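Working notes for the structure below.
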Amino acid sequence: MATDSSTDTSRTAAHTSEFSEFEEGDINLVSIWLKTDPVRWVAGAMAGIFAGAVTLVFAGLLASTHGMEFLFPAKIAAIPFMGNVATETGMHMGPIGLGILVHEVLCAVIGAVYAHFTGTNSFKPLLAAGLMWGIFSWVFICNLMSQSFTAIRALELPHNATFLSMLVFGVMLSSTGFFDRALRRGN
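With our numbering, letter number 58 in the sequence shown gets 257, and the count goes up by one each step, no holes.
Given below as structure tokens:
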């Protein structure tokens with residue numbers, strides 16, 4: 200069956216031009232993602248630090264209800280640097296301090312990246328994106344990255360507790376809008 204190539208070309212050209220331009224109300228995500236906005240990044244880092252602190256408290260409460268130390272979740276982040284000694288029972292300030300530092304730095308970076316990819320200060324879209332971000336963080340951080348450390352994998356952390364903790368983290372990332380407005384108000 201022969202087809203006229205000029206007809207196919209004109210259909211392709213019409214199809215391409217029909218969808219290549221944005222309609223009114225469309226959001227150009229690429230232009231948002233390529234935008235350089237250091238104030239937004241700082242707001243995201245601040246939201247990440249806040250979300251990380253709330254998540255540590257939440258995870259500490261979960262750990263306490265399951266018979267572990269309240270600061271056990273903070274100690275987990277020190278394992279890659281200190282090994283199994285990081286999770287020894289007791290108020291050992293080295294592992295606790297290092298764990299909180301590592302956790303909060305990671306949360307600040309994740310928050311800055313989250314802020315970069317969310318171009319709004321509206322609460323509902325930030326909340327939805329935060330929930331999605333929390334789920335992705337659970338998949339990539341709790342189930343892939345941290346499992347590459349034998350000492351963390353040996354802890355057999357409960358997936359439901361880590362999932363809930365990451366959802367709390369994602370919800371708290373929606374504070375990016377608050378921090379962004381506060382920083383811009385100060386300028």
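Backbone N, C-alpha and C fix where the C-beta goes; we use that ideal spot for every residue, glycine too.
In this text, all values refer to a predicted model and were calculated from it rather than measured experimentally.
Helix, strand or coil for residue i per DSSP?
i	result
L366	helix
M344	helix
M245	helix
L356	coil
D236	coil
F269	coil
T361	helix
T319	coil
Go to residue i, then tell me how far its alpha helix (DSSP H) extends in each direction, as first and last residue.
i	result
E303	292–316
T286	Unbroken run through T286: none, as it is neither H nor E.
L372	Counting along the chain, L372 falls outside any alpha helix (DSSP H), and DSSP gives it neither H nor E.
I334	322–336
A277	It is not in any alpha helix (DSSP H) - A277 carries neither H nor E in the DSSP assignment.
Roughly how many whole angstroms lie between the Cα atoms of residue i and residue j?
i	j	result
L382	L326	20 Å
A244	P324	18 Å
H265	T288	15 Å
S364	K274	15 Å
P357	R384	42 Å
M331	V308	17 Å
F316	P294	33 Å
T235	G376	17 Å
W240	M267	35 Å
L300	G329	22 Å
V256	G282	23 Å
P272	A311	22 Å
S373	M292	31 Å
T254	V367	6 Å
A258	M290	17 Å
F378	I278	31 Å
In or out: residue i buried (at least 16 other Cβ within 10 Å) or exposed?
i	result
V284	exposed
V338	exposed
S321	exposed
G247	buried
S263	exposed
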